[in-house]
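Undergrad:
Numbering (mature numbering (1 follows the signal peptide of the UniProt record, and there is no 0)), first residue to last: -21 to -1, 1 to 188.
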């Protein structure tokens, strides 16, 4: 099982949506942002993003990235989701939570907060989806589902809508019992199993292996 914090799913709609003018410099500190753009330069733990009306530095916690994973290069088209970091003495930057790279149809995960601050929580950074974080307690690879302990409750998470199966032994992301994950999706009603959480994508926060 790869100790990796990356995921892949069909995300063509991210770049097919109409462009909305977003000025990251106008947002308050700790505001959530999702923004498209092009990579103009790359350093070990950050890159410069040209979002059309300007440029901004995007920071990724280097400890959270797979050292053997894909390296961003100049010209990559990306979508960044994360938190605005506007400290009094520092320039405004984006602390990335995830970076979607269009040409390889892959999400790279990086913590938007210090890793020791990550707990078990349920948050809603978007209107239509819910994000649930917790620990995997059981896996059914053939059934394409796993059980997640969010700290508040256990729920069944189905991954059959993804373009890959993160529960098998193939690909970048291979989930197993004990992994801490963040799942974005919505509650669905299964005829046989009742209420389940239908995943749109799954991010590995911590790999138990």
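C-beta atoms are modelled at their ideal positions from N, C-alpha and C, and glycine is treated no differently.
Do you know how far the Cα of residue 109 is from the Cα of residue 163?
TA: Within the chain shown, the letter at position 184 stands for residue 163. Within the chain shown, the letter at position 130 stands for residue 109. Rounded to the nearest angstrom, the two C-alpha atoms are 6 Å apart.
Undergrad: Does the count of Cβ pairs from the stretch 28 to 37 and the stretch 47 to 61 closer than 8 Å reach three?
TA: Yes: the two stretches touch, three or more of their Cβ pairs being nearer than 8 Å.
Undergrad: Tell me the DSSP secondary structure of residue 189 in three-state form.
TA: With the chain covering only -21 through 188, there is no way to say anything about residue 189.
Undergrad: Please report how far the alpha carbon of residue 31 lies from the alpha carbon of residue 11, in whole angstroms.
TA: Within the chain shown, numbered from 1, the residue matching residue 31 stands at position 52. Within the chain shown, numbered from 1, the residue matching residue 11 stands at position 32. Between residue 31 and residue 11, the C-alpha separation is close to 19 Å.
Undergrad: On the three-state DSSP scale, how would you describe residue 25?
TA: Numbered from 1 along the chain shown, position 46 holds the residue referred to as residue 25. Strand, per DSSP.
Undergrad: Tell me the DSSP secondary structure of residue 5 in three-state form.
TA: Reading the chain shown from its first residue, position 26 is the one you call residue 5. Note: residue 5 maps to helix in three-state DSSP.
Undergrad: If you follow the beta strand (DSSP E) that residue 70 is part of, which residue opens it and which one closes it?
TA: Against the chain shown, residue 70 aligns to sequence position 91. Counting along the chain, residue 70 falls outside any beta strand (DSSP E), and DSSP gives it neither H nor E.
Undergrad: Using only alpha-carbon positions, find the residue among 131, 146 and 133 that is nearest to residue 124.
TA: By one-based count along the chain shown, residue 124 stands at place 145. Measuring from the Cα of residue 124, the nearest candidate turns out to be 146.
Undergrad: State the Cα-Cα distance for the pair residue 26 and residue 112, rounded to the nearest angstrom.
TA: Residue 26 sits at position 47 when you count from the first residue of the chain shown. Residue 112 sits at position 133 when you count from the first residue of the chain shown. Rounded to whole angstroms, residue 26 to residue 112 spans 27 Å at the Cα level.
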